[in-house]
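Here the working numbering is used: the first residue of the sequence shown is 3, the next is one more, and so on. Note that beta-carbon positions come from the ideal geometry of N, C-alpha and C, so glycine has one too. Only a predicted model underlies this, so the values are computations on that prediction, with no experimental measurement involved. Read the structure below first, then the notes.
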Amino acid sequence: MSSEEDRLKFLIEDAEKLHGHLGPFLVIGVRMGVIAQKTLKEKMHATVKAPFSTPFSCVIDGVQATTKCTVGNQKLKIENSKREITAYFKAPNPSKTLKITVNQKIVDEILRKFSEGASSEELAWEIVRKSEHELFEIETQ
3 MSSEEDRLKF LIEDAEKLHG HLGPFLVIGV RMGVIAQKTL KEKMHATVKA PFSTPFSCVI
63 DGVQATTKCT VGNQKLKIEN SKREITAYFK APNPSKTLKI TVNQKIVDEI LRKFSEGASS
123 EELAWEIVRK SEHELFEIET Q
């Protein structure tokens, strides 16, 4: 395992402790937060837009665990959506922003596999193994 894979595993375990269990949408949030940290390299504010229902809202805890943007410290805003799962990250410098949108095909695949009886843990590790390009559309400004 590379040091980057080790770090991701550690962050996922940390997020699982915060969230209470492991699941694919938690890992999606962790992966979003890792990309934001890697891209912006500084303290940030985040807005997560996702359906306010489980399992989709689990993305929020993944973002909180990796970025330390929380509702409590007022660095995280949450917006409800019907279907879309997108995170916006903004560094203090107004010229640094990042938009990460989850590929809807991935969401549909997760839901299909859930309906076929796949476990949350199994699907979480599938998300770990997917590339950023499979999971997300990433835009920087």
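- Runs of the beta strand (DSSP E) spanning 3 or more residues and lying entirely within the stretch 56-134 occur at 78-82, 88-92, 99-104, in chain order.
- With respect to the 8 Å criterion, G25 and P57 are classified as neighbours on the basis of their beta carbons.
- S4 and L10 have their C-alpha atoms spaced approximately 10 Å apart.
- Taking I87 as reference, the option from T99, V104, C71 with the minimal CA-CA separation is V104.
- According to the DSSP secondary-structure assignment, H47 is paired through a beta bridge with K92.
- Beta-bridge partners of T142 (DSSP): L100.
- In this structure, the CA atom of Q143 is about 5 Å from the CA atom of T99.
- The Cβ atoms of A93 and V65 lie no closer than 8 Å to each other.
- Between the alpha carbons of F138 and V109 lies a gap of roughly 11 Å.
- Distance from I102 to M34 at the Cβ level is roughly 5 Å; contact confirmed, criterion being Cβ atoms closer than 8 Å.
- The alpha-carbon separation between L42 and H135 amounts to approximately 18 Å.
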